[in-house]
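Contents: one structure, followed by commentary.
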Amino acid sequence: LCQMLHDFVTDEGADLATRTWVNDKFGSGNKALYTFFEITFSGSWPSNISKVVKDVNPLYVIFFAVYITCVVFGLVRIISGIFLSETLQQASRDAEIMVWNNIHKSQRLKRQMNDLFDAGDTSGDGLLSFEELDNLLSHQKVRAWLTELGI
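Each residue of the sequence shown is one higher than the last, beginning at 1273 in our numbering.
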(Lines of atoms letter the chains of each structure in order from A and count residues from 1; the text may use other names and numbers.)
(Lines give C-alpha, C1' and ligand atoms only; values in the text may rest on other atoms or scores of the structure.)
Protein backbone atom coordinates (compact mmCIF):
# COMPACT_ATOMS: atom_id res chain seq x y z
CA LEU A 1 0.00 0.00 0.00
CA CYS A 2 2.81 2.43 0.76
CA GLN A 3 4.20 1.78 -2.75
CA MET A 4 0.81 2.53 -4.30
CA LEU A 5 0.48 5.75 -2.26
CA HIS A 6 4.04 6.87 -3.08
CA ASP A 7 2.93 8.43 -6.37
CA PHE A 8 0.31 10.49 -4.53
CA VAL A 9 2.81 11.66 -1.88
CA THR A 10 5.26 12.84 -4.57
CA ASP A 11 2.53 14.47 -6.73
CA GLU A 12 3.04 18.22 -6.22
CA GLY A 13 -0.38 18.94 -7.72
CA ALA A 14 -2.17 17.28 -4.78
CA ASP A 15 -3.05 19.04 -1.54
CA LEU A 16 0.04 19.42 0.67
CA ALA A 17 -1.82 18.71 3.95
CA THR A 18 -3.26 15.49 2.54
CA ARG A 19 0.10 14.43 1.12
CA THR A 20 1.73 15.07 4.50
CA TRP A 21 -0.98 13.09 6.30
CA VAL A 22 -0.67 10.15 3.86
CA ASN A 23 3.12 10.25 4.25
CA ASP A 24 2.81 10.29 8.05
CA LYS A 25 0.49 7.27 7.98
CA PHE A 26 1.75 5.22 5.00
CA GLY A 27 5.04 6.84 3.93
CA SER A 28 7.29 3.90 4.85
CA GLY A 29 6.93 0.25 5.70
CA ASN A 30 7.23 0.95 9.42
CA LYS A 31 4.65 3.74 9.31
CA ALA A 32 2.24 1.61 7.29
CA LEU A 33 2.76 -1.33 9.63
CA TYR A 34 1.98 0.81 12.66
CA THR A 35 -1.07 2.32 10.94
CA PHE A 36 -2.37 -1.16 10.10
CA PHE A 37 -1.73 -2.20 13.70
CA GLU A 38 -3.91 0.72 14.79
CA ILE A 39 -6.53 -0.13 12.17
CA THR A 40 -6.68 -3.75 13.28
CA PHE A 41 -6.55 -3.51 17.06
CA SER A 42 -7.68 -0.04 18.14
CA GLY A 43 -10.83 0.31 16.09
CA SER A 44 -9.54 3.50 14.48
CA TRP A 45 -9.96 2.21 10.95
CA PRO A 46 -12.58 4.81 9.91
CA SER A 47 -10.30 7.75 10.71
CA ASN A 48 -7.25 6.09 9.17
CA ILE A 49 -8.79 5.07 5.86
CA SER A 50 -11.46 7.67 5.12
CA LYS A 51 -8.94 10.33 4.06
CA VAL A 52 -7.22 7.89 1.69
CA VAL A 53 -10.52 6.87 0.12
CA LYS A 54 -12.02 10.39 -0.05
CA ASP A 55 -8.96 12.50 -0.91
CA VAL A 56 -6.54 10.16 -2.70
CA ASN A 57 -8.60 7.70 -4.74
CA PRO A 58 -12.04 6.16 -4.11
CA LEU A 59 -10.82 2.82 -5.52
CA TYR A 60 -8.84 2.25 -2.32
CA VAL A 61 -12.21 1.39 -0.77
CA ILE A 62 -11.93 -2.05 -2.40
CA PHE A 63 -8.61 -2.79 -0.70
CA PHE A 64 -9.75 -1.47 2.67
CA ALA A 65 -13.16 -3.18 2.49
CA VAL A 66 -11.50 -6.54 1.91
CA TYR A 67 -8.93 -5.90 4.65
CA ILE A 68 -11.49 -4.70 7.22
CA THR A 69 -13.89 -7.54 6.44
CA CYS A 70 -11.32 -10.32 6.46
CA VAL A 71 -8.86 -9.19 9.09
CA VAL A 72 -10.55 -6.81 11.48
CA PHE A 73 -13.97 -8.45 11.58
CA GLY A 74 -13.01 -11.99 10.59
CA LEU A 75 -9.71 -12.90 12.22
CA VAL A 76 -10.20 -10.81 15.33
CA ARG A 77 -13.60 -12.48 15.90
CA ILE A 78 -12.03 -15.90 15.36
CA ILE A 79 -9.29 -15.12 17.88
CA SER A 80 -11.90 -13.84 20.34
CA GLY A 81 -13.89 -17.03 19.83
CA ILE A 82 -10.83 -19.16 20.57
CA PHE A 83 -10.20 -17.25 23.80
CA LEU A 84 -13.85 -17.63 24.77
CA SER A 85 -13.74 -21.36 24.02
CA GLU A 86 -10.64 -21.79 26.18
CA THR A 87 -12.28 -19.82 28.99
CA LEU A 88 -15.41 -21.99 28.87
CA GLN A 89 -13.31 -25.17 28.86
CA GLN A 90 -11.42 -23.94 31.92
CA ALA A 91 -14.70 -23.11 33.65
CA SER A 92 -15.90 -26.63 32.86
CA ARG A 93 -12.73 -28.07 34.37
CA ASP A 94 -13.28 -25.91 37.44
CA ALA A 95 -16.82 -27.30 37.75
CA GLU A 96 -15.46 -30.85 37.52
CA ILE A 97 -12.90 -30.09 40.21
CA MET A 98 -15.65 -28.65 42.40
CA VAL A 99 -17.75 -31.82 41.95
CA TRP A 100 -14.78 -34.05 42.86
CA ASN A 101 -14.04 -31.89 45.89
CA ASN A 102 -17.66 -32.22 47.04
CA ILE A 103 -17.53 -36.01 46.55
CA HIS A 104 -14.33 -36.24 48.63
CA LYS A 105 -15.83 -33.95 51.27
CA SER A 106 -18.93 -36.15 51.48
CA GLN A 107 -16.80 -39.29 51.78
CA ARG A 108 -14.69 -37.69 54.52
CA LEU A 109 -17.85 -36.59 56.35
CA LYS A 110 -19.29 -40.12 56.11
CA ARG A 111 -16.09 -41.56 57.62
CA GLN A 112 -16.16 -39.01 60.42
CA MET A 113 -19.83 -39.77 61.17
CA ASN A 114 -19.07 -43.50 61.23
CA ASP A 115 -16.16 -42.88 63.59
CA LEU A 116 -18.37 -40.75 65.83
CA PHE A 117 -21.13 -43.36 66.01
CA ASP A 118 -18.60 -46.16 66.50
CA ALA A 119 -17.15 -44.22 69.44
CA GLY A 120 -20.65 -43.70 70.83
CA ASP A 121 -21.49 -47.41 70.55
CA THR A 122 -20.22 -48.42 73.96
CA SER A 123 -21.92 -51.82 73.89
CA GLY A 124 -20.07 -52.80 70.70
CA ASP A 125 -23.15 -54.34 69.07
CA GLY A 126 -22.89 -52.13 65.95
CA LEU A 127 -26.10 -50.29 66.88
CA LEU A 128 -26.57 -47.01 68.67
CA SER A 129 -29.20 -47.23 71.41
CA PHE A 130 -31.12 -44.23 72.72
CA GLU A 131 -28.98 -44.20 75.86
CA GLU A 132 -25.76 -44.28 73.82
CA LEU A 133 -27.07 -41.52 71.52
CA ASP A 134 -28.13 -39.43 74.52
CA ASN A 135 -24.70 -39.92 76.08
CA LEU A 136 -23.05 -38.97 72.76
CA LEU A 137 -25.21 -35.83 72.41
CA SER A 138 -24.36 -34.72 75.94
CA HIS A 139 -20.89 -33.69 74.75
CA GLN A 140 -20.74 -30.02 73.75
CA LYS A 141 -18.21 -30.70 70.97
CA VAL A 142 -20.47 -33.34 69.34
CA ARG A 143 -23.50 -31.00 69.47
CA ALA A 144 -21.46 -28.17 67.93
CA TRP A 145 -20.19 -30.45 65.16
CA LEU A 146 -23.69 -31.75 64.36
CA THR A 147 -25.06 -28.17 64.41
CA GLU A 148 -22.35 -27.17 61.94
CA LEU A 149 -23.52 -30.04 59.69
CA GLY A 150 -27.11 -28.85 59.93
CA ILE A 151 -28.26 -31.86 61.95
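Beta carbons: idealized from backbone N, C-alpha and C, even for Gly. Predicted model, so just to flag it, every value in this text is computed and none were measured.
The C-beta of V1338 has fewer than 16 other C-beta atoms within 10 Å across all chains shown, which makes the residue exposed. Shown here, P1330 sits in coil according to DSSP, grouped into three states, outside any helix or strand. Contact between the segment 1318–1329 and the segment 1290–1309 is established, with three or more Cβ pairs separated by less than 8 Å. Between H1376 and D1387, the alpha-carbon positions lie close to 16 Å from each other. DSSP places D1283 in the coil class of the three-state scheme, outside both helix and strand. Look at the beta carbons and you see the segment 1399–1414 not touching the segment 1361–1371: under three pairs across the two are nearer than 8 Å.
Distance from the Cα of F1345 is smallest, within the candidate group G1285, S1316, T1312, A1367, for T1312.
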